[in-house]
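Asks: First, the structure itself, so that you have it in front of you.
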Ligand SMILES: [Zn+2]
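Numbering (this note's numbering), first residue to last: 402 to 472.
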């Protein structure tokens with residue numbers, strides 16, 4: 402099970418119609434809100450659905466800097 406956090410950058414398996422694969426986590430809960438970095442559109446997905454769609458998860462930039470870990 403993936404552990405999502407606000408600001409995480411997600412690369413999804415399926416390309417958004419705008420051409421971007423990259424999304425940012427903007428809301429946490431039973432449903433996870435993500436915003437497309439290509440067109441800024443926001444969508445809500447159930448956590449289980451999002452987990453199936455995510456190919457890679459990059460921690461929020463601030464967290465990455467603190468940990469000194471790019472992945
Ligand atoms: Zn988009």
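Note that CB positions come from ideal geometry on N, CA and C, so glycine has one too.
1) Confirm the yes/no value for this check: CB of residue 439, any heavy atom of ligand 1, distance under 7 Å.
2) Which two residues bound the contiguous beta strand (DSSP E) that contains residue 411?
3) CB-CB under 7 Å to residue 405, same chain, minus the five flanking residues each way: which ones, in chain order?
4) Identify which residue in 453, 437, 402 has its Cα closest to the Cα of residue 408.
5) For residue 461, which of helix, strand or coil comes out of DSSP?
Replies: This is what the structure gives:
1) Translated into the one-based positions of the chain shown, residue 439 becomes position 38. At least one heavy atom of ligand 1 is nearer than 7 Å to the Cβ of residue 439, so yes.
2) Residue numbering aside, residue 411 sits at position 10 when the chain shown is read from its first letter. Where residue 411 is concerned, the enclosing beta strand (DSSP E) stretches over 410-413.
3) In the chain shown, residue 405 corresponds to position 4, counting from 1. Within the same chain, residue 405 has close Cβ partners 426, 429, 433.
4) Counted from its first residue, the chain shown places residue 408 at position 7. Distance from the Cα of residue 408 is smallest, within the candidate group 453, 437, 402, for 437.
5) Position 60 of the chain shown, counted from the first residue, corresponds to residue 461. Of the three classes helix, strand and coil, the one that applies to residue 461 here is coil, per DSSP.
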